[in-house]
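Worksheet: one structure, shown below.
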Amino acid sequence: MSTQTTAHTMAIQASRKPSAFTLERFWLYLILCLFAFMFLMPIYVMLVNSIKPLDEIRAGNLVALPLAPTIEPWVQAWSQAQIGVQATGLKPYFLNSFLMVIPAVLISTALGALNGYVLTQFKVKGGTLLFGLVLFSVFIPFQIVLIPMARLLGELGLAGSVKGLILVHTVYGIGFGTLFFRNFYAAFPQELVKSARMDGAGFFVLFWRLMLPASLPIVVVNIIWQFTNIWNDFLFGASFSDYSSYPLTVALNNLVSSSTGVKEYNVHFAGAFIAALPTLIVYIVSGKYFVRGLMAGSVKG
Amino acid sequence: MKNRWLPALVLSPSLLLVGVCVYGFIAFTFYLSFTASTILPNMTLAGGENYARLFSLSTFFSSLGNLGLFATLYIVISMALGMTLAILIDQRIRAESIFRSIFLYPMALSFIVTGTAWKWLLDPSIGLERTVHLMGFESFTFNWIKDGDMAIYTVVIAAVWQTSGFVMALFLAGLRGIDNEVLNAARVDGAKSWRIYTRIIIPQLGPSFISSFVILAHMAIKSYDLVIALTGGGPGRATWLPSVFMYQYTFTRNEMAVGAASAVIMLIGIAVVVVPYVRREMRLNQGPNA
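Chains as they are written, first to last, in our numbering: chain A, 989 to 1289; chain B, 1236 to 1525.
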């Protein structure tokens, strides 16, 4: 049998007497550490090689620690590397991504919260069907909307602009937001809603004074989820932006794949790390909410 | 409530946006797939010609074949690995949250970042192959990423690395939901532990299997970024998926109608997997007034 089965056998026996550190426990931890090593290896390789001079990468091995650590690759990736036609580094594109992410997240969160509120607390004709249609929009392959969206952005004068990307991400963020808030508000204590209504609370008062203040956890979940998704998007960025409005993912791909001549692996690794940092920081700081967002749409008995 | 129209009014901007930019656009792309569009949309109908052409193109067939291979391996390996990790983590281990965070962090990364990291890691001239050579194993070869027959497997490796922690989280939620009394009773009856897993625990994880299948299958069909960053579709066209085909034919080969037809095929593939799941979700948690 596999190591997997052996691991259970021992672990279940061990869990009867959890304090004993048996040989079986040792194997369990060894296997877990091996997996942890495999998961951490790519990010370790990125990090150590982003601070090595290029000749050290070419001469030496990829997993070795740097002999002469340098921050030069980071400086290059941030402000000097050639992206497309200009040697600006990733800095302006980093800014583009933020300019795109912040409004898109705020607007789609607001819309999601209102939709969830209406769909759970009011009788809406065909509400369940509408929700199903909005939910399905979360899963569609975006290739199916690329051509008409390019045309719409062109007609609105938003082609190749950050504003255009904000619009696109807001629209396709509505589905997830609605899903999160609907499921959260569906479980909202009805006695509170009823008594507030008896006190004469109207539509917006009920939402603003009662529902929203109690929604902080799901607001955080939604913001983190949308931030991660939109920050990491590549397809929309590649389709609807130009040199001035590239989001960071597109600029990074440009840096890595279009470098002519010498391949500057250390600069690529530093660039990849820069692109990963914002979402990685969010994950480290609020992993609990990240996981809740991940699970919110998926585990239903 | 005095304002009967207010709820509908609040809902309407979202419905308008989703109605136009999702369903209207799907209808538009569907229509385009039956027209003679080339570099720009052209509304002249051309019947089923584009679909006939699509299915006569070897590039589309190899993209579909690559997707079949990629999706099968990606789904099976991610589920097996994710479930294994969940079961290992569920053994009342120390530092559980650290292990969980380590297995899940790749989900926070962009596929472009993942692709970049693995692209150089798998590159024979500086990556794993060379590193193993330097350790003294000169005959070791690992050049899949440069080999047209093997490159698609490197996409599987990177994709599994990125998402199996997510599958672990799904299975862990399933494991934590199992009634402990049943397990204890089985243990008291002297059932062997692996039998407890195969007979009692795993059969109860149905919902975790379904959720992870739906999520992995739809991610597989949508996979685009990772292929672009890791292999660029190459070597040659060895790692083209329908998503890459769609982009190439629409935007660089100026065969928009054929590209639209391939997008329709992708949508149908996703709908088959996702619609039953969405229908179930619609019935759950409707709220008091829905």
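The C-beta atom is built at its ideal place from N, Cα and C for all residues, glycine as well.
So residue i is in the alpha helix (DSSP H); what residue range does that whole segment cover?
i         : result
A:PRO1021 : The identity of residue 1021 of chain A in the sequence shown is Cys, whereas the question assumes Pro. Here the alpha helix (DSSP H) through A:CYS1021 covers 1011-1037.
B:GLU1331 : 1331-1339
B:ILE1450 : 1441-1457
B:SER1313 : 1293-1324
B:TYR1482 : 1477-1482
B:ALA1420 : 1415-1423
A:LEU1123 : 1115-1127
B:VAL1507 : 1491-1518
A:PHE1278 : 1275-1284
B:ARG1411 : 1386-1411
A:ALA1047 : 1042-1047
A:ARG1139 : 1131-1143
B:ALA1464 : 1460-1465
B:VAL1367 : 1363-1369
B:LYS1354 : 1346-1356
Measuring CB to CB, does residue i end up less than 8 Å from residue j?
i         : j         : result
A:GLY1077 : A:ASN1210 : no
A:ASN1084 : A:VAL1150 : yes
B:ALA1506 : A:TYR1271 : no
A:ASN1254 : A:LYS1040 : yes
B:ILE1413 : B:ILE1437 : no
A:GLY1281 : A:TRP1219 : no
B:PRO1477 : B:LEU1302 : yes
B:THR1270 : B:THR1279 : yes
A:ALA1258 : A:SER1038 : yes
B:MET1501 : B:ILE1456 : yes
B:MET1403 : B:LEU1308 : no
A:GLY1147 : A:PHE1228 : At residue 1147 of chain A the sequence reads Ala, which differs from the Gly that was named. For A:ALA1147 and A:PHE1228, yes; Cβs fall inside 8 Å.
A:MET1283 : B:ALA1408 : yes
B:LEU1410 : B:ILE1431 : no
A:PHE1027 : B:PRO1341 : yes
B:SER1497 : B:MET1481 : yes
B:GLN1326 : A:LEU1016 : yes
B:SER1249 : A:ILE1071 : no
B:SER1360 : B:TRP1475 : no
B:SER1291 : B:MET1491 : no
B:LEU1241 : A:PHE1191 : yes
A:VAL1207 : A:LEU1194 : no
B:VAL1499 : B:VAL1449 : no
A:PRO1136 : B:PHE1401 : no
A:ALA1184 : A:LEU1200 : no
B:VAL1479 : B:ASN1285 : no
B:TRP1379 : B:MET1385 : yes
B:MET1517 : A:THR1116 : yes
Hey, residue i and residue j are a contact pair by Cβ (cut 8 Å); roughly how many whole angstroms apart?
i         : j         : result
B:ALA1473 : B:ILE1337 : Not really, about 32 Å apart at Cβ, beyond 8 Å.
A:LEU1236 : A:TYR1081 : 5 Å
A:LEU1134 : B:THR1485 : 7 Å
B:PRO1276 : B:LEU1267 : 6 Å
A:THR1158 : A:SER1096 : 5 Å
B:VAL1348 : A:ALA1065 : About 13 Å separates the two Cβ atoms, so there is no contact after all.
B:PHE1346 : B:GLU1364 : About 23 Å separates the two Cβ atoms, so there is no contact after all.
B:GLY1317 : B:LEU1465 : About 21 Å separates the two Cβ atoms, so there is no contact after all.
A:ILE1019 : B:LEU1339 : So it is not a contact: roughly 18 Å between Cβ atoms.
B:THR1366 : A:LEU1050 : 5 Å
A:PRO1054 : A:VAL1036 : 6 Å
B:MET1454 : B:THR1398 : 7 Å
A:VAL1112 : A:LEU1118 : 7 Å
A:ILE1154 : A:ALA1226 : Not really, about 16 Å apart at Cβ, beyond 8 Å.
A:PHE1169 : A:ASN1103 : 7 Å
A:ASN1241 : A:PHE1222 : 7 Å
A:VAL1244 : A:HIS1256 : 5 Å
Any heavy atom of the ligand NAD closer than 7 Å to the beta-carbon of residue i?
i         : result
A:ASN1037 : This structure lacks the ligand NAD, and indeed carries no ligand of any kind.
Can you confirm whether residue i, when its beta carbon is compared against all beta carbons of chain C, has any partner nearer than 8 Å?
i         : result
A:ASN1103 : Annotation note: the requested chain C is absent from the structure, which comprises protein chains A and B.
Continuous alpha helix (DSSP H) assignments of at least 4 residues falling wholly in the region 1219-1269 of chain A | For the region 1219-1269 of chain A, whole alpha helix (DSSP H) runs of length 4 or above, ordered along the chain, are 1223-1228 and 1236-1245.
Take every Cβ of the region 1247-1264 of chain B, pair it with every Cβ of the region 1123-1136 of chain A, and state whether three or more of those distances are shorter than 8 Å.
-> Taking 8 Å as the limit for Cβ pairs, the verdict is that the region 1123-1136 of chain A does touch the region 1247-1264 of chain B.
For the region 1148-1233 of chain A, list the alpha helix (DSSP H) runs that are entirely contained and at least 4 residues long, ordered along the chain.
-> Listed in chain order, they are 1150-1174, 1178-1186, 1204-1220 and 1223-1228.
Which full runs of the alpha helix (DSSP H) of 4+ residues lie inside the region 1050-1100 of chain A, going along the chain?
-> Taking only runs of at least 4 residues, the alpha helix (DSSP H) segments lying wholly in the region 1050-1100 of chain A are 1060-1063.
Any beta strand (DSSP E) of 3 or more consecutive residues that is wholly inside the region 1244-1298 of chain B | Counting only runs of 3 or more, we get nothing.
Segment contact flag, the region 1102-1116 of chain A with the region 1172-1190 of chain A, C-beta cutoff 8 Å, min 3 pairs | Verdict: yes, contact present.
Can we say the region 1350-1368 of chain B touches the region 1391-1401 of chain B, given the rule of at least three CB pairs closer than 8 Å?
-> Because the criterion of three Cβ pairs below 8 Å is met, the region 1350-1368 of chain B and the region 1391-1401 of chain B touch.
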